[in-house]
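Undergrad: Mind looking over this structure? Questions follow.
In full-length UniProt numbering, the protein residues as written are 1 to 164.
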């Protein structure tokens, strides 16, 4: 590649969108309630997960974050949701991935350790409670993920609204 082509390519790649990427995992208990964690730095609950680091895949981030937040060694199942989130206030646009963590046994729940610096604790919530405990955006995403899990599909969302 010539110096001119290299410069053109560098200019092109510099102009591409920069997106935040995050990954979360939906875990369920015997009553089909969803595991939610309560961060110390936010008012609303979250699902286990977090930001994807440089050079890390969304799946790897999901595994890492679940271990960091709950001390659970897990291999999440299939992808349930991809949600494109538009830019807002101090936030760039982003892509959010949600994987199926499946059923947690009572023994697994008993071994969970919550880092008190990051999380106040956790709860298992019904689909109805999800709407009250999560931000509206995350509640829409979680409801779509529950539906995708039930139907065996993958949902594509934009700002938490199902597109496909």
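The C-beta atom is built at its ideal place from N, Cα and C for all residues, glycine as well.
Mind checking whether residue 61 and residue 51 have CB atoms under 8 Å apart?
TA: Stepping through the chain shown from its first residue, residue 61 is reached at position 61. Stepping through the chain shown from its first residue, residue 51 is reached at position 51. It is a contact, given that the beta carbons lie within the stated cut-off.
Undergrad: Between residue 154 and the rest of its own chain, which residues show a CB-CB distance below 8 Å, the 5 nearest in sequence each way excluded?
TA: Residue mapping note: residue 154 aligns to position 154 of the chain shown, counting from 1. Here the set comprises 78, 79, 80, 81, 82, 148.
Undergrad: Quick one: what's residue 22 bridged to in DSSP?
TA: Within the chain shown, the letter at position 22 stands for residue 22. Residue 22 pairs with 51, 96.
Undergrad: Give the secondary structure of residue 29 by DSSP, where H, G and I count as helix, E and B as strand, and everything else as coil.
TA: As a working mapping, residue 29 is identified with position 29 in the chain shown. In the structure shown, residue 29 sits in coil (DSSP, three-state: anything other than H, G, I, E or B).
Undergrad: Compute the beta-carbon to beta-carbon distance between residue 109 and residue 34, rounded to the nearest angstrom, for a pair I have assumed lies under 8 Å.
TA: As a position in the chain shown, residue 109 is number 109, starting the count at 1. As a position in the chain shown, residue 34 is number 34, starting the count at 1. Not confirmed; about 13 Å, so no contact.
Undergrad: Return the chain-ordered list of same chain residues with a C-beta closer than 8 Å to the C-beta of residue 40, the five sequence neighbours on each side being excluded.
TA: Within the chain shown, the letter at position 40 stands for residue 40. Result list for residue 40: 116, 117, 118, 119, 120, in chain order.
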